[in-house]
Amino acid sequence: MNMQTMYEQSEWGWKDREKREEMTDDRAWYLIAWENSSVPVAFSHFRFDVECGDEVLYCYEVQLESKVRRKGLGKFLIQILQLVANSTQMKKVMLTVFKHNHGAYQFFREALQ
1 MNMQTMYEQS EWGWKDREKR EEMTDDRAWY LIAWENSSVP VAFSHFRFDV
51 ECGDEVLYCY EVQLESKVRR KGLGKFLIQI LQLVANSTQM KKVMLTVFKH
101 NHGAYQFFRE ALQ
């Protein structure tokens, strides 16, 4: 589970220090899926934030090990994020998808309907 290649292919580029700071920020929350209670196989990094005046749950990342993809786990993680957003009175769930990540774009369009 590593998005470095996607960042390198984007106009943003990969910035190791900035990414580490983002992921260890006090506002960062994580939803982690474990296999057999010992091996992480998927995670979502998110924050509670304000975008354009709206309180939102902003999903920074959803990453899954290849062996658990296309089995419903990603959609399940998104559904949990939506439940968390609703239970904390957030207006919506927001995220950013790289333009060149067509698979993720399609996934999130379907999962967030």
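Numbering (UniProt numbering), first residue to last: 1 to 113.
No residue lacks a Cβ here, since even glycine has one placed at the ideal position from N, Cα and C.
Exposure label - residue i; buried when at least 16 CB within 10 Å
i           : result
leucine 83  : exposed
cysteine 52 : exposed
valine 39   : exposed
alanine 85  : buried
valine 50   : exposed
glycine 72  : exposed
6 Å Cβ shell around residue i - same chain, five flanking residues per side excluded
i             : result
isoleucine 78 : Ala111
lysine 75     : Ala111
Nearest-angstrom Cβ-Cβ length linking residue i and residue j, presumed shorter than 8 Å
i           : j         : result
lysine 91   : valine 62 : With a Cβ gap of about 20 Å, lysine 91 and valine 62 do not count as contacting.
cysteine 59 : serine 37 : About 24 Å separates the two Cβ atoms, so there is no contact after all.
Own chain, CB closer than 7 Å to residue i, minus 5 neighbours either side, in chain order
i             : result
isoleucine 80 : Leu31
methionine 23 : His45
Contacts around residue i, its chain only, beta-carbon distance under 8 Å, and the 5 residues preceding and following it disregarded
i         : result
lysine 67 : Val41
Counterpart residues of residue i in DSSP-defined beta bridges
i             : result
valine 39     : Glu35
histidine 45  : Tyr30, Glu61
methionine 23 : Per DSSP, none; premise fails for methionine 23.
aspartate 54  : Glu51
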